[in-house]
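Student: Numbering (the working numbering), first residue to last: 602 to 970.
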């Protein structure tokens, strides 16, 4: 399933890492006046702030890595800029944002009798079916807009404002502006993307300790963990095994979840160089393979619902099948896929949803030896 769902030093304790600040000023492109109270943040991270009355802003404690810098405020086009944070402070100067042009038309609002059904499908696919998902709550579902095709049964959704999501499993409050959600049940394909910001929920020390443990569990074996380990060339040490899966369409397939492909697994681990590539852009890496990648994380058991992989008589490890719609998918040094349309996950990463989502600047706990 698709996911939308963004360092070389990320496993070093945080106190050893340089943290920088990002400053700048936001003005209206039309009249050059300052824009106060705009949300300024790093996408999918825990770094964010508001602009002051004079339009200035400061983002503190930015960890090294590649980020999408976002400015969002009602009445203006969302501003996005990709940046690379290193060891020195960043001054973005004066940023002009564009006011939206509104065309007023007569609008007749009729309640959609199927909205509750659409929302139930959306919530299940967006948050997932895990124990974590059961502890998540969307606080303002009214900002969602749905579009359902009665012929194809494809459900599309977007949000005209930020969704407020309370994740009591991992201890985060997430603000998520959904730009594209597309769920096609007939071929079991889900794709969603948007911009988001994280903040810690308030809690007792006992709750915070529990959240830290749950975050670590969500990280270990995840796609973020895998890509960071690939960058450091430590996949074996961090308990990942990658093999070649040869797949061809089954000419006798007549629908349903099984027998869609004729496939065989080459029971020999691949080398990192078989699928991992450097690029000429700092902080950007590539993954690609002519066949599918069969990725196992050996320190975690397979979810019982993913029994289709047991046909290969492999150990009961958490397993993901990675296939490619383009020659390469690109990911950054935070371990986040930058081109989600190029890659498809089935299995462990495929069933992971917003309930398991961690901020891109998440730092795992380092075992002291």
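We put the CB at the ideal spot given by N, CA and C, even for glycine.
Take every Cβ of the stretch 779-787, pair it with every Cβ of the stretch 798-805, and state whether three or more of those distances are shorter than 8 Å.
Tutor: Contact between the stretch 779-787 and the stretch 798-805 is absent, because fewer than three Cβ pairs lie under 8 Å.
Student: Quick one: give me the first and last residue of the alpha helix (DSSP H) that residue 824 is part of.
Tutor: Reading the chain shown from its first residue, position 223 is the one you call residue 824. 824-833 is the extent of the alpha helix (DSSP H) around residue 824.
Student: Let me check understanding here. Comparing Cα to Cα, which of 934, 942, 676 and 716 lies closest to residue 927?
Tutor: Position 326 of the chain shown holds residue 927. Nearest option by C-alpha distance: 942.
Student: Which runs of the alpha helix (DSSP H) fall wholly inside the stretch 757-833 and span at least 4 residues, in chain order?
Tutor: You should have 806-820 and 824-833.
Student: Would you mind reading off the limits of the beta strand (DSSP E) that contains residue 862?
Tutor: Position 261 of the chain shown, counted from the start, is the residue given in the question as residue 862. That run of the beta strand (DSSP E) goes 862-867.
Student: Cα-Cα, which of 778, 770 and 754 is closest to residue 760?
Tutor: Locating residue 760 in the chain shown gives position 159, counting from the first residue. For residue 760, the nearest C-alpha among the options comes from 778.
Student: Between residue 845 and residue 867, is the Cβ-Cβ spacing less than 8 Å?
Tutor: In the chain shown, the residue the question calls residue 845 occupies position 244. In the chain shown, the residue the question calls residue 867 occupies position 266. Yes. Within cutoff.
Student: State yes or no: is the C-beta of residue 851 within less than 8 Å of the C-beta of residue 860?
Tutor: Position 250 of the chain shown, counting from 1, holds the residue named residue 851. Position 259 of the chain shown, counting from 1, holds the residue named residue 860. Closer than 8 Å, so yes.
Student: Between the stretch 626-645 and the stretch 690-701, do at least 3 Cβ pairs fall closer than 8 Å?
Tutor: Verdict: yes, contact present.
Student: For residue 650, decide whether its Cβ has a neighbour in chain D, counting only Cβ atoms nearer than 8 Å.
Tutor: The displayed structure is made up of one protein chain only, and chain D is not part of it.
Student: Three or more C-beta pairs under 8 Å: does that hold for the stretch 810-829 against the stretch 948-961?
Tutor: A contact exists between the stretch 810-829 and the stretch 948-961.
Student: Considering only residues of the same chain and omitting the five flanking positions on each side of residue 973, which have a CB-CB separation below 6 Å?
Tutor: Only positions 602 to 970 of the chain appear in this structure, which leaves residue 973 out of reach.
Student: Is residue 967 buried or exposed, if buried means 16 or more other CB atoms sit within 10 Å of its CB?
Tutor: The sequence position of residue 967 within the chain shown is 366, counting from 1. Counting Cβ neighbours within 10 Å, residue 967 comes out exposed, since fewer than 16 surround it.
Student: Could you round the C-beta distance between residue 775 and residue 797 to whole angstroms and report it? I think they count as a contact, below 8 Å.
Tutor: Position 174 of the chain shown, counted from the first residue, corresponds to residue 775. Position 196 of the chain shown, counted from the first residue, corresponds to residue 797. Residue 775 to residue 797, Cβ: 6 Å. Contact.
Student: Among the candidates 930, 925, 905 and 924, whose CA atom is the shortest distance from the CA of residue 918?
Tutor: As a position in the chain shown, residue 918 is number 317, starting the count at 1. Residue 905 is the option with its Cα nearest to residue 918.
Student: Let me check one thing: in DSSP terms, what residues is residue 692 bridge-paired to?
Tutor: In the chain shown, residue 692 corresponds to position 91, counting from 1. DSSP, once it has assigned bridges, lists 624 as partnering residue 692.
Student: Using the Cβ count rule (16 or more neighbours within 10 Å means buried), how would you classify residue 665?
Tutor: Position 64 of the chain shown, counted from the start, is the residue given in the question as residue 665. It is buried - the Cβ of residue 665 has at least 16 other Cβ atoms within 10 Å.
Student: Suppose contacts are defined by Cβ-Cβ distances below 8 Å. Is residue 674 in contact with residue 638 by that definition?
Tutor: The residue given as residue 674 occupies position 73 in the chain shown. The residue given as residue 638 occupies position 37 in the chain shown. For residue 674 and residue 638, yes; Cβs fall inside 8 Å.
Student: How many angstroms separate the CA atom of residue 719 from the CA atom of residue 782?
Tutor: Locating residue 719 in the chain shown gives position 118, counting from the first residue. Locating residue 782 in the chain shown gives position 181, counting from the first residue. If you take the alpha carbons of residue 719 and residue 782, they lie about 12 Å apart.
Student: Which value, in whole angstroms, describes the spacing of the CA atoms of residue 603 and residue 825?
Tutor: As a first step, residue 603 is located in the chain shown; it is residue number 2 there, counting from the start. As a first step, residue 825 is located in the chain shown; it is residue number 224 there, counting from the start. Confidence is the limiting factor: at residue 603 the pLDDT is only 42, short of 50, which leaves the residue's position unreliable and the question unanswerable from this model.
Student: Nearest-angstrom Cα distance between residue 836 and residue 800?
Tutor: The residue labelled residue 836 in the question sits at position 235 within the chain shown. The residue labelled residue 800 in the question sits at position 199 within the chain shown. Computed Cα separation, rounded: 30 Å.
Student: Rounded to the nearest angstrom, how far is the Cβ of residue 658 from that of residue 624, given a contact under 8 Å?
Tutor: The residue you call residue 658 lines up with position 57 of the chain shown. The residue you call residue 624 lines up with position 23 of the chain shown. Confirmed, about 7 Å.
Student: So, helix, strand or coil for residue 722, using DSSP?
Tutor: Your numbering for residue 722 matches position 121 in the chain shown. Residue 722: helix per DSSP, three-state reduction.
Student: With a Cβ-Cβ cutoff of 8 Å, do residue 886 and residue 925 count as a contact?
Tutor: Looking up residue 886 in the chain shown gives position 285. Looking up residue 925 in the chain shown gives position 324. In this structure, residue 925 does not lie closer than 8 Å to residue 886 by Cβ.
Student: Helix, strand or coil for residue 939? Go by DSSP, reduced to three states.
Tutor: Sequence index remark: in the chain shown, residue 939 carries index 338 (1-based). Coil, per DSSP.
Student: Do residue 894 and residue 913 count as a contact pair if the criterion is CB distance below 8 Å?
Tutor: Locating residue 913 in the chain shown gives position 312, counting from the first residue. Locating residue 894 in the chain shown gives position 293, counting from the first residue. For residue 913 and residue 894, no; Cβs fall outside 8 Å.
Student: Please look up how many angstroms separate the CB atoms of residue 734 and residue 740, rounded, as I've assumed it's under 8 Å.
Tutor: Translated into positions along the chain shown, residue 734 becomes position 133. Translated into positions along the chain shown, residue 740 becomes position 139. No, residue 734 and residue 740 are not in contact; Cβ-Cβ is about 15 Å, not under 8 Å.
Student: Could you pull the DSSP bridge partners for residue 847 from this structure?
Tutor: Along the chain shown, one-based indexing puts residue 847 at 246. According to DSSP, which records beta bridges pairwise, residue 847 is partnered with 865.
Student: Use the C-beta contact count for residue 768: other C-beta atoms within 10 angstroms, 16 or more gives buried, fewer gives exposed.
Tutor: Translated into the one-based positions of the chain shown, residue 768 becomes position 167. Classification of residue 768: buried, given that the 10 Å Cβ count is 16 or more.
Student: Once you ignore the five residues that flank residue 626 on each side, which residues in its own chain have a CB closer than 6 Å to its CB?
Tutor: Start at 1 with the first residue of the chain shown, and residue 626 comes out as number 25. Here the set comprises 656, 657 and 695.
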